[in-house]
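The opening residue of the sequence shown carries number 7 in the working numbering; numbering runs sequentially from there. Take a look at the structure set out below.
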Amino acid sequence: MASPSPSSSPLDEGGAAGRTRRAWSPPEIALMAGSVLLITLSAFESLATTTIMPSVVAELGAESWFSVASGAAMAAQLLSTVIAGMLSDRRGPAGVLVAGSVLFVLGLALCAAAPHVGVFVAGRLVMGLGGGMVIVPLYVLVGAVATDAHRPTFFAGFSLAWVLPSLIGPAIAGLVTAHWGWRWVFGSVPVAAAVALVPLVPLLRRFDLPAGGEARPRREMGVLALSGLGAGGGILLLQLAGAGGGWAAWALGLAGAALTVWTLPRLVPAGAFRLRRGTPSAIATRLLAMGSLTGATAFLPLVLQRVHGWSVEHAAMAVTVGSLAWALGATLQARIVRPEARARLPLLGTTLMMIGLVPVALLAWPGMPVWPGVLGMFLAEMGIGFVHSTLSDLTLGMTPRSQHGAVSSWLQVADNGGSALELALVSLALAVWARTTLLPYAPAGAIALVLAALAVWAASRIPARP
């Protein structure tokens, strides 16, 4: 089935008025339904795993494996997003999406049945490989099937798909684990994943993606795959270094830093870390913004409980409010239709993040009132809602369809790499800071704030030179 041509965008026919008149096609409806279901399941799995991981390692008698079990999926996803982007450009997204779904379900099954922590970590690695191979082809399908008028709504829907899991996911996972055990959390998702694929089956059977562009040489594909493996492994080593101590931790940290510095720039467009104007700066903005937001989201409940004496339930409510703010920002950006206004949204969103994270960072001080920090987190999450969905739309719109697989891979590397790298930096900073008598959690909020400021700088360089 031929996809809607980008050249027929309603934006070329009168801007907002034309944009609102265009009806949704059946392939767009099917893609929206199936992709939102899959992302909702992925979000539930991610949030649920965070909740139940202490119970998992306790039952398997592997407390020291907590960091590895938590970070294995993220490390594997850095590799799979690169592979998925190359394969989507070379052979089309349909087969990649099916293969990723199969791997994701297989990983869940391995985790559910794991008799030993080694098997569980293997399952997490397979889950990460599958997760990266699911999200990237969904982005490619959106770029090919959705009209320019509807593409922002797709990415708003992707952000909204995290709202319900953030509201009920941790609670459901905790309830299931308390009554039936953590294995049921992993064992129940494969059935739901199969149901989520149903709306996509007719689209995948009919979808025709022209090859478009030259296939990458096998040697180049191999180098990129090794770079993905090196970046994931390097970040994982940095996280382990922060959790350990002594000379072994320093050795892990140095090895992880070397691997990350050498490999991560190879997984994003050339010039991203030099903030070259256009797509490279857009990817850098995404990486910095997601790193900042991830760090702040992890920092807020920690400091509310340890510094300000909040209960776990009340701290979780503050995080939930932030998730709703992200959804609000994503919804609002989809309603902004003028191209000039949309191009300014990343700068607006990162500025909101930087302003909002100032009172959040100050929560490390025991005398700081809590309500400005919670309000600041609401502002920061609304800012990421403007940034995240808009950058997906803008980067796909700035590149030809034949490169949408690579662009989708860059976006996912930015999401995963930025988040994982920020957490690794915080882990190392807290380990060093623990030797002082100053505010114990100050580095976590400070690093998130600095990354937000860098994201503002990167966002200011997104518009390409005429």
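Think of the CB as a built atom: it goes at the ideal place given N, C-alpha and C, for glycine as much as any other residue.
| query | Taking DSSP as the reference, what is the three-state secondary structure of VAL201? | reply | The three-state secondary structure of VAL201, taken from DSSP, is helix.
| said: I need the DSSP call for ASP421, collapsed to helix, strand or coil. | reply: Looking at ASP421 - three-state DSSP - the assignment turns out to be helix.
| task | Can you grab the Cα-Cα spacing for the pair SER466 / ILE141, in whole Å? | result | So the alpha carbons of these two residues sit roughly 27 angstroms apart.
| request: Please name the residue in PRO449, PRO406, ASN422 and ALA454 whose C-alpha comes closest to that of VAL146. | output: Checking every option, the nearest Cα to that of VAL146 belongs to PRO406.
| field | Contact belief for LEU84 with ALA237 at Cβ below 8 angstroms, rounded distance in angstroms | value | Correct: roughly 5 angstroms between the Cβ atoms.
| Using 8 angstroms as the threshold, is the region 190-197 in touch with the region 110-118, meaning 3 or more CB pairs across them? | Contact between the region 190-197 and the region 110-118 is present: 3 or more CB-CB pairs across the two stretches fall below 8 angstroms.
| message | Quick check: GLY328 and SER425, are their CB atoms within less than 8 angstroms of each other? | response | Not a contact, by the Cβ cut-off of 8 angstroms.
| said: Would you call the region 328-344 in contact with the region 384-400, where contact means no fewer than 3 C-beta pairs closer than 8 angstroms? | reply: Judged by Cβ distances under 8 angstroms, the region 328-344 makes contact with the region 384-400, as three or more pairs qualify.
| request: Compute the beta-carbon to beta-carbon distance between LEU351 and VAL462, rounded to the nearest angstrom, for a pair I have assumed lies under 8 angstroms. | output: Incorrect: roughly 13 angstroms between the Cβ atoms, too far for contact.
| query | How about LEU260: is its Cβ closer than 7 angstroms to a heavy atom in the ligand MN? | reply | Of the ligands one can find in the structure shown there are none, so the ligand MN has no counterpart to examine.
| request: Kindly list the residues whose CB is nearer than 7 angstroms to the CB of GLU51, restricted to its own chain and excluding five residues on each side of it in sequence; keep chain order. | output: Excluding its 5 nearest sequence neighbours in each direction, GLU51 has C-beta neighbours in its own chain below 7 angstroms: VAL195, listed in chain order.
| Among ALA459, VAL102 and VAL104, which residue has its Cα nearest to the Cα of ALA290? | Nearest of ALA459, VAL102 and VAL104 to ALA290, Cα basis: ALA459.
| What's the gap between the Cα of ARG441 and the Cα of GLY187? | Here the C-alpha atom of ARG441 lies approximately 39 angstroms from the C-alpha atom of GLY187.
| said: Am I right that HIS410 and GLY149 are in contact with their C-beta atoms under 8 angstroms? What's the rounded C-beta distance? | reply: Indeed, because the Cβ distance is near 4 angstroms, the residues count as touching under 8 angstroms.
| request: Within 10 angstroms of the Cβ of LEU181, are there 16 or more other Cβ atoms? Answer buried if so, exposed if not. | output: Exposed, since its Cβ has fewer than 16 Cβ neighbours within 10 Å.
| Start and end residues, alpha helix (DSSP H) containing ALA309 | What sits at residue 309 in the sequence shown is Val, not Ala. Note, VAL309: alpha helix (DSSP H), 285-312.
| Counting Cβ pairs, one atom from each stretch, are 3 or more of them under 8 angstroms apart for the region 304-318 and the region 271-287? | With a cut-off of 8 angstroms on Cβ pairs, the region 304-318 is not in contact with the region 271-287, counting fewer than three such pairs.
| query | Given a threshold of 16 other Cβ atoms within 10 Å of its Cβ, counted over all protein chains shown, does LEU260 qualify as buried or as exposed? | reply | Exposed is the call here.
| task | Spatial neighbours of GLY134 within its chain, please: CB distance less than 6 angstroms, with the 5 preceding and 5 following residues excluded, ordered by chain position. | result | Same-chain partners within the cutoff: ALA79, ALA82 and GLN83.
| said: Please report the straight-line C-alpha distance between GLY218 and ALA75, rounded to a whole angstrom. | reply: Residue placement at GLY218 is poorly supported in this model, since its pLDDT is 48, which falls under 50; the coordinates are not used for a value here.
| Per-residue DSSP class, three states only, for ILE468 | In this structure, ILE468 counts as coil in the three-state DSSP scheme.
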